[in-house]
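Chains as they are written, first to last, in our numbering: chain A, 2 to 301; chain B, 2 to 301. Below is one structure, written out as C-alpha cells; the observations come after it.
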DNA sequence: TATCTACCATGAATATTATGAATTATACTA
DNA sequence: TAGTATAATTCATAATATTCATGGTAGATA
C-alpha cells in the first residue's frame with residue numbers, strides 16, 4: 002500500500018463532497034484526474050473506498066477508516082506548515098469564516114478590520130449564509146459564528162457573547178393594531194424567519210403560558226434585514242437581535258415594543274472542527290473575537 | 002507548500018538516521034533521490050530542514066516541527082492501513098522485533114512460533130543485539146524486549162515477566178578455587194558482559210556490604226552464551242539469567258554456585274514508541290508475550 | 001419507453017515529476 | 001596534503017499524474 006498525498010487529497014475531497022465533479026472543482030483539476038487518483042488509491046488499499054447507496058455515493062467501511070486518517074493527517078500537516086511559518090516570524094494561512102447574514106454583513110466585516118490589519122499574513126474569506134453547519138463539517142468553512150446550537154461529532158464550540166432580542170414594529174403599525182400586551186400580537190401579522198414561528202421561540206419562552214399569543218398570520222422572510230425593513234414599512238411585528246436595530250430605535254423609525262420585557266437571550270458561539278482548534282491562526286482569531294462585547298457592537 | 006508523501010518519507014528517514022546515504026539505503030533508493038526529495042521539500046517549506054553542527058547533520062527548528070508532524074502522519078497512515086486490512090479479516094504488516102541476544106536466540110524464536118502461526122499475515126523480523134534503545138527510537142525496530150530500564154520521550158513500557166539470575170561455574174573450577182562464600186569470588190577470574198563489572202550488579206546488590214567480593218580479574222565476554230561456555234570450560238565464574246542454564250544444571254555440566262542466595266531479580270519489559278502502541282499487530286503480539294511465564298520458558 | 005441529464009469510468013496522449021548514474025563539491029581526518 | 005566519507009549537481013530517463021475525448025449508467029422527464 003504505497004500511499005500518496007495527492008491521491009489522499011483527491012479521496013478526501015470526494016469523501017467530503019460525495020461528488021467527483023465537485024471534488025475536482027475544489028482541487029482545481031479535472032474530474033478524470035480525481036477518478037484516476039481515487040481508483041489507484043483504492044487498488045493499493047485493496048478495497049473499494051466508495052460504494053453507491055441509492056444512487057448516492059457513500060463511503061465504504063474501508064473508506065471511513067481512511068477518511069478518519071486523512072482528517073488527522075491533513076490537520077497535522079497544516080499545523081506543521083503554520084508552525085514552520087510562525088517560527089520564522091510569519092503568520093500565514095487562510096481562514097474561511099462563516100456567519101449569519103445580518104451579523105456578518107453589518108458587524109463582522111467591520112469589526113474584523115482590526116484582526117486583518119494585525120495579521121497581514123493571514124487571509125480571511127467570508128461566507129454569510131443561514132446554512133452554516135454542513136459547510137463547516139465538510140471543510141468549506143473553517144470557522145463559523147452562529148447563535149444556533151449545533152452538536153456534531155468532532156465539533157468544538159466556544160461561547161462568544163450574548164445577544165438579546167427585541168420585538169419591533171413601526172409607530173403607525175402599533176397605533177393601528179392597538180398593541181399593548183404580548184397577547185395582542187395574536188391578531189397581528191407577524192414577521193418570522195420561518196413559517197412555523199420557531200424563530201419567535203425566545204420571545205414566547207419569556208412569557209407565562211397564559212400570556213402567550215397564538216400567531217394567526219405569519220409572514221416568512223429569510224433575512225433579518227428584510228424583517229427590519231418590512232417592520233418599518235408597517236407590514237408586521239418583527240423579532241430581531243437588538244444590535245440590528247439600534248440605529249432605527251435612535252432614529253425613532255422603529256419602536257422597541259416591549260422594552261420592559263426580559264427576553265431570553267441567545268448566545269453567539271464560534272464553531273470549528275476539533276482537529277483545527279490547534280491552528281495558531283484559529284486561536285488568534287478566536288482570541289480576537291472573544292474581546293467583542295455587546296457594548297462594542299453597539300458602538301460600531 | 003505542496004507537500005508530498007515521498008518527500009516526507011525521505012525527510013523522515015534522513016531525520017532518523019542523520020545520514021542521507023543511510024536513509025537512501027533504508028528507502029531502497031539512491032542517495033541522489035533522497036537529496037533531491039529533501040531539497041524540494043525544504044524549498045516548498047521555505048526553510049532549510051537540516052543544518053550542520055560540527056560536521057554532523059542536525060535538524061533545524063523547522064525540521065523538528067516537520068519531524069513531529071511526520072511521526073504523527075506516518076503512524077496514522079500505518080494504523081489506517083492495518084485497520085482496513087483487519088476489517089476485511091486479514092491481519093497484515095511487519096513487526097521488527099528486537100531482543101537481547103541470548104534471550105532471543107534461545108527462547109524467543111521458539112516461543113513465538115505460536116504467534117506466527119496464529120497470525121499468518123503478520124511478518125516478524127528479528128534483531129538480537131545488545132544495543133536496543135537507539136534502533137527502537139529511530140524505527141529500525143518496532144518492538145523491543147529488554148531487561149534494562151530505558152526511559153525516553155514517547156516510549157511505552159510494558160512489564161512482561163521476571164527473570165532471576167544464577168552464579169555459575171564448572172565443578173572442577175569450584176574445587177580448584179575453593180569457592181564457598183561470595184567473598185571467595187574476589188580471587189577468582191570473573192566472566193562479565195562488561196569490563197567494569199556492572200553486569201554483576203544484581204549479585205553484589207543482594208549481598209550485605211561486608212560480604213561483597215571485590216573483583217580483581219574480570220574477563221569481558223559480550224554474549225551470554227559465551228559466558229556460559231567459558232564457565233563450562235572452567236575459565237571463570239559467570240552470572241547469567243537462570244533460564245539460560247537450566248539444561249546445564251540438569252546435565253550437571255554447570256553448578257548453581259549459591260542456590261540458596263536470593264538474588265535481586267530483573268524485569269523483562271517490552272518497549273515500543275507510543276505512536277505505535279495503537280497498532281493492532283502490536284497489541285496482539287503484546288498480548289501473546291504477556292502469557293509467557295517463567296515456568297513456560299523453563300519447559301521450552 | 002425514449003430521451004434527457006448528471007454522473008463516473010476508461011484509454012490514449014501528454015505534461016509533470018521522481019529517480020538514477022556519473023560527477024563534482026565539501027568537510028573532516030590522519 | 002591526500003584520503004575518506006558524505007552531500008549536492010547535472011542531465012538523461014523512467015515513472016506518474018493529468019488531461020482530453022469518449023463511453024457507460026442510473027435517475028428524472030415527458
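All residues carry an ideal CB built from backbone N, CA and C; glycine is no exception.
Between residue 136/B and residue 142/B, the gap from beta carbon to beta carbon is short of 7 Å.
Segment contact: the region 198-206 of chain A against the region 277-294 of chain A, fewer than three CB-CB distances shorter than 8 Å; contact not assigned.
Annotation: residue 273/B to residue 158/B spans about 7 Å, alpha carbon to alpha carbon. Ranked by Cα distance from residue 129/B, the first of 146/B, 120/B, 249/B and 102/B is 102/B.
Residues of chain B whose Cβ lies closer than 7 Å to the Cβ of residue 233/A do not exist; the shortest such Cβ separation is about 51 Å.
Residues of the region 73-101 of chain A with a C-beta atom less than 8 Å from some C-beta of chain B are 73, 74, 77, 78, 80, 81, 82, 84, 85, 86, 88 and 89, listed in chain order. Excluding five sequence positions before and after residue 105/A, the CB atoms of its chain that fall closer than 6 Å to its own CB belong to 129, given in chain order. With its beta carbon less than 7 Å from one in chain B, residue 5/A belongs to the interface. For the C-beta of residue 48/B, the chain A residues within less than 7 Å are, from N- to C-terminus, 85 and 89. Around the beta carbon of residue 120/A, a 10 Å sphere encloses 16 or more other beta carbons of the protein chains shown; the residue is thus reported as buried.
DSSP places residue 15/A in the uninterrupted alpha helix (DSSP H) bounded by 6-18.
Straight across, the Cα-Cα distance linking residue 80/B with residue 18/A is about 25 Å. Within the same chain, 191 and 198 come within 6 Å of residue 216/B by CB-CB distance, once the 5 residues on both sides are set aside. Taking C-beta atoms as the reference points, residue 78/A and residue 16/A fail to come closer than 7 Å. When C-alpha distances from residue 36/B are compared across 181/B, 177/B and 13/B, the shortest belongs to 13/B. The shortest C-alpha to C-alpha distance from residue 163/B to any of 227/B, 242/B, 232/B and 208/B is the one to 242/B.
The Cβ atoms of residue 58/A and residue 51/A sit closer than 7 Å to each other.
Apart from sequence neighbours up to five positions away, the residues of its chain that approach residue 205/B with a beta-carbon distance below 7 Å are 213, ordered along the chain.
Between residue 195/A and residue 266/A, the C-beta spacing is not below 7 Å.
DSSP, read as helix, strand or coil, puts residue 268/A in strand. Sequence-ordered contacts of the region 37-66 of chain A with chain B read 46, 47, 48, 62, 63 and 66 [C-beta pairs closer than 8 Å]. Contact between the region 146-158 of chain A and the region 176-189 of chain A is absent: fewer than three C-beta pairs spanning the two stretches fall below 8 Å.
Within the DSSP bridge table, the entry for residue 144/A names 98/A and 273/A as partners.
Residues of chain A with a Cβ closer than 8 Å to the Cβ of residue 70/B are, in chain order, 77, 78, 80 and 81. Taking a C-beta cut-off of 7 Å against chain B, none of the residues of the region 182-207 of chain A qualify. Taking 7 Å as the cut-off, the beta carbon of residue 6/A is found closer than this to the beta carbon of residue 6/B. Between residue 257/B and residue 169/B the beta-carbon gap is near 7 Å, inside 8 Å, which marks them as a contact. Annotation for residue 68/B: the continuous alpha helix (DSSP H) segment containing it runs 62-88. Assigned with DSSP and collapsed to three states, residue 244/B falls in helix. Taking 7 Å as the cut-off, the beta carbon of residue 239/A is found closer than this to the beta carbon of residue 228/A.
Straight across, the Cα-Cα distance linking residue 95/B with residue 89/A is about 39 Å. For the options 271/A, 281/A and 282/A, the alpha carbon positioned closest to that of residue 291/A is the one of 271/A. Cβ-Cβ distances below 6 Å link residue 28/A to 14 in the same chain, with the five nearest sequence neighbours on each side left out; the list follows chain order. At a Cβ-Cβ threshold of 7 Å, residue 99/B and residue 133/B count as neighbours.
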